[in-house]
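Quick note: the sequence shown, position 108, residue 108 per UniProt numbering, numbers continuous. To keep things clear, I will list the structure first and then write my remarks on it.
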Amino acid sequence: MPAKYKFAKNEIEEMKAMHLDPKIKIDKICKKFRVSDDTVARAMRRYGVPMRVTVSTDVHYWDRSYRNNSPGNLVLLCPNHHREAYLGIITKDNFKEVKKKNLRGGPVVGC
1 MPAKYKFAKN EIEEMKAMHL DPKIKIDKIC KKFRVSDDTV ARAMRRYGVP
51 MRVTVSTDVH YWDRSYRNNS PGNLVLLCPN HHREAYLGII TKDNFKEVKK
101 KNLRGGPVVG C
């Protein structure tokens with residue numbers, strides 16, 4: 001997370017509470033703290049707060065070939081993790097470790 005987005009301890013606690021409340025939408029958190037949804041996601045990940053359950057998923061092709069639809073080349077990810085995979089932050093080799101660190105479980109492979 002860039003240095004310009006350092007939050008005070010009380011801000012982190014408030015952001016965590018808001019993030020864990022399913023009634024509060026992400027855009028409300030973004031407006032309150034004047035940051036993007038990506039910054040909220042990075043801050044929550046940094047402080048060990050699991051991501052919200054998302055109904056939106058993207059299919060990521062590990063080899064970037066949209067014609068290769070073999071199961072080993074495909075993974076379902078939330079939009080934030082899909083962006084990280086596309087940028088190379090998450091790779092096929094480190095995917096299992098990333099999944100463990102992010103405290104994600106459940107049937108959807110990535111998130």
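Here a beta-carbon is modelled for each residue, glycine too, at the ideal position from N, C-alpha and C.
Fill in: residue 66 - DSSP class collapsed to helix/strand/coil
Note: residue 66 maps to coil in three-state DSSP.
Fill in: Distance CB(residue 47)-CB(residue 12) smaller than 7 Å
Yes; because the gap between Cβ atoms is below 7 Å, this pair is in contact.
Discussion item. Can you tell me where the alpha helix (DSSP H) holding residue 40 begins and where it ends?
Written reply: 37-46 is the span of the alpha helix (DSSP H), which, as asked, contains residue 40.
Discussion item. Along the chain, where does the alpha helix (DSSP H) containing residue 27 start, and where does it finish?
Written reply: Counting along the chain, residue 27 sits inside the alpha helix (DSSP H) bounded by residues 26-33.
Discussion item. Bridge partners for residue 58 per DSSP, in chain order?
Written reply: According to DSSP, which records beta bridges pairwise, residue 58 is partnered with 77.
Worksheet item: Is residue 92 helix, strand or coil when you go by DSSP?
Response: Note: residue 92 maps to coil in three-state DSSP.
Worksheet entry | Cutoff 6 Å; reference residue 61; Cβ partners in own chain excluding five residues on either side | Taken in chain order, the residues that qualify are 73.
Worksheet item: What is the DSSP secondary structure of residue 16, counted as helix, strand or coil?
Response: Residue state, collapsed to three classes: helix.
Fill in: Nearest to residue 40 (by Cα), restricted to the options 63, 69, 80 and 64
Minimum Cα distance to residue 40 is reached at 80.
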